[in-house]
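One structure is given here, and the rest of the page talks about it.
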Amino acid sequence: MLDYDVAAIVTGGASGLGEATVRALAARGTAVSILDLDEARGAALAAELGGATTFVRTDVTDEASVRAAVDEATSKGRPLRIAVSSAGIANVENIVGADGAAHGVDLWQRTLAVNLTGTFNVLRLASAAMAATEPGEDGARGVVLNVASIAAYDGAAGQLAYAASKGGVVAMTLPAARDLAAVGIRVCAIAPGLIETPIMGAAPSEMLQEWAAQVNPFPKRLGRAEEFAQLALAVVDNPYLNGEVIRLDGASRPS
């Protein structure tokens, strides 16, 4: 089991899945760096949790920004051992819209830039920092956990860009784990289904009920961010779990 008296970075850490993971790690005594673009929420969360929890405004698509955030995490006097990439954007656009217009290239490129290239950016830079640390038991140096989506497998109409970006996260999990085996770094991903987050909370209650009804067979509700964080820590805890993508969706499948 990984010692939690280490440093960790969590992208998208100011809200939703990332915030829940930050809280779970901080509760274990980890020195967490919250990486996010939302300065108000990120700074407020760091102030609330206190201790060794800090906020670093970070654009995951920008190499210099991620490097600075990783440098900040490694300056806490503890080895960087945990990196969780939950920063991402979601959107809906059909290949051919109701007005006959083709899917925008800008939207496609932006979605892949944040969700896929941003995840890769954090993976490579965090891994390089982990690789420079002293190994622990079995030569272990850390774990990288990326956030995919069930859209990678069961993407709906209008989710082309989003599904492609998350499909890329799924596809790079195993080769990344194999690449990093040489330096003792594990790589896994979680593919969440419909999780109740602040973005979901903005939707009308009738829509939330409709989404919850799509979860089948049990439990028939939206997932909770805390349940994602619980699984994230389970991945961190299990030293033999590597190269795996785990669905967290209440067995939800297209009807």
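Numbering (this note's numbering), first residue to last: 1494 to 1748.
Glycine residues also receive a C-beta, built at the ideal position from the N, C-alpha and C atoms.
All values reported here derive from a predicted model rather than from experimental measurement.
I need the boundaries of the alpha helix (DSSP H) containing residue i, first residue and last residue.
{"i": "V1559", "result": "1556-1567"}
{"i": "T1546", "result": "Element bounds for T1546: n/a, residue is neither H nor E."}
{"i": "L1573", "result": "Here L1573 belongs to no alpha helix (DSSP H); instead the beta strand (DSSP E) covers 1573-1578."}
{"i": "A1644", "result": "1644-1647"}
Indicate the three-state DSSP secondary structure (helix, strand or coil) for residue i in the structure shown.
{"i": "G1660", "result": "helix"}
{"i": "P1710", "result": "coil"}
{"i": "A1524", "result": "strand"}
{"i": "T1626", "result": "coil"}
{"i": "R1516", "result": "helix"}
{"i": "V1729", "result": "helix"}
{"i": "E1757", "result": "Not covered by the structure: residue 1757. The range shown for the chain is 1494 to 1748."}
{"i": "R1550", "result": "strand"}
{"i": "R1717", "result": "strand"}
{"i": "V1585", "result": "coil"}
{"i": "A1684", "result": "strand"}
{"i": "A1536", "result": "helix"}
{"i": "D1529", "result": "strand"}
{"i": "A1621", "result": "helix"}
{"i": "A1595", "result": "strand"}
{"i": "D1496", "result": "coil"}
{"i": "N1614", "result": "helix"}
{"i": "A1654", "result": "helix"}
{"i": "L1724", "result": "helix"}
{"i": "G1590", "result": "coil"}
{"i": "G1509", "result": "helix"}
{"i": "G1632", "result": "helix"}
{"i": "N1608", "result": "helix"}
{"i": "L1667", "result": "helix"}
In the DSSP assignment, the beta strand (DSSP E) including residue i goes from what residue to what residue?
{"i": "G1635", "result": "1635-1640"}
{"i": "A1674", "result": "Unbroken run through A1674: none, as it is neither H nor E."}
{"i": "R1740", "result": "1738-1741"}
{"i": "T1604", "result": "No beta strand (DSSP E) contains T1604, which is instead part of the alpha helix (DSSP H) from 1598-1605."}
{"i": "I1502", "result": "1500-1504"}
Just how far apart, CA to CA, sit residue i and residue j?
{"i": "G1629", "j": "I1678", "result": "11 angstroms"}
{"i": "L1734", "j": "V1563", "result": "24 angstroms"}
{"i": "G1661", "j": "L1638", "result": "14 angstroms"}
{"i": "G1570", "j": "E1541", "result": "22 angstroms"}
{"i": "V1525", "j": "L1573", "result": "10 angstroms"}
{"i": "G1506", "j": "L1528", "result": "6 angstroms"}
{"i": "K1659", "j": "L1600", "result": "15 angstroms"}
{"i": "A1606", "j": "G1736", "result": "23 angstroms"}
{"i": "R1757", "j": "A1624", "result": "Given a span of 1494 to 1748 for the chain in the structure shown, any question on residue 1757 remains unanswerable."}
{"i": "E1565", "j": "V1640", "result": "22 angstroms"}
{"i": "I1575", "j": "A1594", "result": "43 angstroms"}
{"i": "T1626", "j": "E1586", "result": "44 angstroms"}
{"i": "A1580", "j": "L1530", "result": "9 angstroms"}
{"i": "N1731", "j": "T1666", "result": "17 angstroms"}
{"i": "V1499", "j": "T1567", "result": "10 angstroms"}
{"i": "P1710", "j": "P1747", "result": "11 angstroms"}
{"i": "D1636", "j": "T1551", "result": "The sequence shown places Val at residue 1636, not Asp. Whole-angstrom Cα-Cα distance: 20 angstroms."}
{"i": "T1690", "j": "A1718", "result": "7 angstroms"}
{"i": "G1648", "j": "A1656", "result": "6 angstroms"}
{"i": "A1645", "j": "A1536", "result": "32 angstroms"}
{"i": "V1598", "j": "G1611", "result": "18 angstroms"}
### Task
Report yes or no: do three or more beta-carbon pairs, one from the stretch 1542-1559 and one from the stretch 1583-1590, lie closer than 8 angstroms?
no
### Query
Taking three-plus beta-carbon pairs below 8 angstroms as touching, is the stretch 1502-1518 in contact with the stretch 1714-1732?
yes
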